[in-house]
Amino acid sequence: MLGSKERVMESLLSNAPTAPEQATSKQKNPAGSSRFVRACLRQPVDRTPVWLLRQAGRYMPEYMAVRKHHSLLEICRTPEIASEVTITAAERLGVDAAIIFADLLLPFTPMGVDFEFLAGEGPVVHAPVRTAEQVRALQTNRVAELGYVAEAISKVAKHFAGPRADGDQLGIIGFCGAPFTLASYMIEGSSSRNYIETKRMMYGDSVSWPLLMEKLVEVLVAYAAQQVEAGADVIQIFDSWAGALSVTDYRAYCLKPTTELVQRVRALGVPVIYFGVDTASLLPTMRETGADVIGLDWRIPLAEGWKAVGEGCAVQGNLDPIALFAPEDVLRERVREVMDAAAGRPGHIFNLGHGIVPGTPVDNVIKTVEWVKEFGAR
Ligand code: CP3
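Mapping to the numbering used here: the sequence shown position 18 is 18, numbers consecutive.
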């Protein structure tokens, strides 16, 4: 029997795209659908949807006010707070989708890998996973312990139930890491420059590396399933550090497990966005995973990135997040450049090419969203 998400997907996929000029605005964003989800499926939309990577974060005074009283992990693990932070950012910015406030590393805990966030340093894993025994000891049957993320998603979904003032349904994004990026944190123990230990295992241990990939995929599929069950409309898979790999190594060591993850998440009945940083050379191979949407980082011109993944795929991106520090006229021009490159073709979701950084002027973020709405109207 098909779940409701699968039925929506089926009906969206089986509908031949209506020519935008022939459709009424109601047909363009039918009830129960959102322009964000439709764009993921390359369906016509009334205007380009927009949301921003790390839209809830330290640049935002509302988030910092919460952070004053709670650690990052406390926020993530308390559904009342995580949902509130998610909702506040989406409403303050007027974006078309809300990404659940969580972190890539949360699944480490039920796998038996302890970590913490150190101020100014990012995540630290105290006993990095580097031996065959450690990989064998990783647990895959405790994913239910991540239920707090699903609970936060249900709260967000409940808050955003029903159409907004403009008649559109706000999209809810769940997320998880990709096997390579998560493995790199597990093995290095922190952010890394050269990924020496990760690649040492990848090249040199033909038992541990595939087992680690397999265990991560198993946990991530179950985790994504909880999020979809709770109301996530789309799952984004972050392969933030895939750009550290050559095309040969990505193909040899990562394409298979990543494809399995993408396909098993798609089988849950939601579109998948697959995003990485510094991926210009990897884009055609990333497309082979079968993701519905490829997230483009800010280094590649959008039209070139879209060409690399092919027209049969939607794209998300890709303004340089640091352009948000530019004077208004320069920023507006950069936003227009991204919009012009997408040229109103179905299947573009406006976003940044990586996350918003602390110190970004909130007014510029809000203006960017407004300009996308202005330039992206059909
Ligand atoms: O609004 C949103 O986008 C949702 C929130 C979100 C967080 N982490 C909260 C967070 C998301 C989508 C993530 C994903 C994540 N976590 C990624 C992939 C995204 C990317 O940037 O490519 C990565 C690599 C991580 C791991 C991670 N978490 C790092 C490297 C750091 C330190 C980064 C820094 O800027 O210091 C974190 C901490 C973190 N996760 C913060 C937030 C808001 C900032 C720290 C804080 O609030 O104390």
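Backbone N, C-alpha and C fix where the C-beta goes; we use that ideal spot for every residue, glycine too.
Fair warning: this is a prediction, and the values are worked out from it, not measured in the lab.
Check: residue i C-beta below 6 Å from any heavy atom of the ligand CP3
| i | result |
| --- | --- |
| PRO123 | yes |
| GLN263 | no |
| ASP320 | no |
| SER83 | no |
| ALA56 | yes |
| ALA103 | This sequence places Asp at residue 103; Ala is not what is there. Indeed, a heavy atom of the ligand CP3 lies less than 6 Å from the Cβ. |
| PHE238 | yes |
| GLY355 | yes |
| LEU72 | yes |
| ILE300 | no |
| ILE87 | no |
| ILE99 | yes |
Simplified DSSP state of residue i, which is helix, strand or coil
| i | result |
| --- | --- |
| GLY252 | The sequence shown places Ala at residue 252, not Gly. ALA252: helix per DSSP, three-state reduction. |
| LEU118 | strand |
| HIS348 | strand |
| ALA314 | strand |
| TYR148 | helix |
| GLN227 | helix |
| PRO110 | helix |
| GLN139 | coil |
| PRO123 | strand |
| LEU261 | helix |
| ARG47 | strand |
| ASP239 | strand |
| ALA343 | coil |
| ALA97 | strand |
| PHE325 | helix |
Close beta carbons around residue i, own chain, < 8 Å, minus the five adjacent residues each side
| i | result |
| --- | --- |
| ALA137 | GLY112 |
| ALA75 | The sequence shown places Ile at residue 75, not Ala. So the qualifying residues of the chain are VAL66, ARG67, ILE81, ALA82, VAL85, PHE101. |
| ILE366 | ARG92, LEU93, GLY94 |
| PRO128 | MET186, ILE187, GLU188, GLY189, GLU197 |
Neighbour-count burial assignment, residue i, 16 or more Cβ in a 10 Å radius
| i | result |
| --- | --- |
| TYR203 | exposed |
| ALA314 | buried |
| LYS155 | buried |
| LEU118 | exposed |
| HIS69 | exposed |
| HIS126 | exposed |
| MET60 | buried |
| ASP168 | buried |
| THR248 | exposed |
| ASN194 | exposed |
| VAL207 | exposed |
| LYS26 | For LYS26, the predicted model reports a pLDDT of 39, less than 50, meaning its position is unreliable; a value from the coordinates is still stated below. Exposed is the call here. |
| ASN141 | exposed |
| ASP389 | The structure shown has nothing for residue 389, since the chain only spans 1 to 378. |
| MET64 | exposed |
| GLY122 | exposed |
| VAL270 | buried |
| GLY189 | buried |
Beta-carbon proximity list for residue i, same chain, < 6 Å, skipping 5 on both sides
| i | result |
| --- | --- |
| TRP241 | THR181, SER184 |
| LEU13 | Note that LEU13 scores a pLDDT of 41, beneath 50, so its modelled location is shaky; the value from the coordinates is reported in the next line. Excluding positions up to five away in sequence, the list is empty. |
| THR24 | Residue placement at THR24 is poorly supported in this model, since its pLDDT is 37, which falls under 50; the coordinates still yield a value, given next. Nothing meets the Cβ criterion. |
| MET213 | PRO179, PRO257 |
| ARG7 | Confidence at ARG7 is low in this model, with a pLDDT of 41, below 50, so its placement is unreliable and the value that follows should be read with caution. Contacts found: none. |
Cβ-based neighbour list, residue i, same chain, cut-off 7 Å, excluding 5 preceding and 5 following
| i | result |
| --- | --- |
| VAL116 | Note that residue 116 corresponds to Glu in the displayed sequence, not to Val. Result list for GLU116: VAL124, in chain order. |
| ASP278 | GLY243, ASP297, ARG299 |
Exercise. With contact counted as at least three CB pairs below 8 Å, one residue from each stretch, are the stretch 335 to 344 and the stretch 69 to 78 in contact?
Worked result: no
Exercise. If you pair each beta-carbon of the stretch 347 to 367 with each one of the stretch 40 to 53, do three or more pairs fall below 8 Å?
Worked result: yes
Problem set entry | contact_flag[the stretch 251 to 266, the stretch 305 to 312] where n(CB pairs < 8 Å) is 3 or more | no
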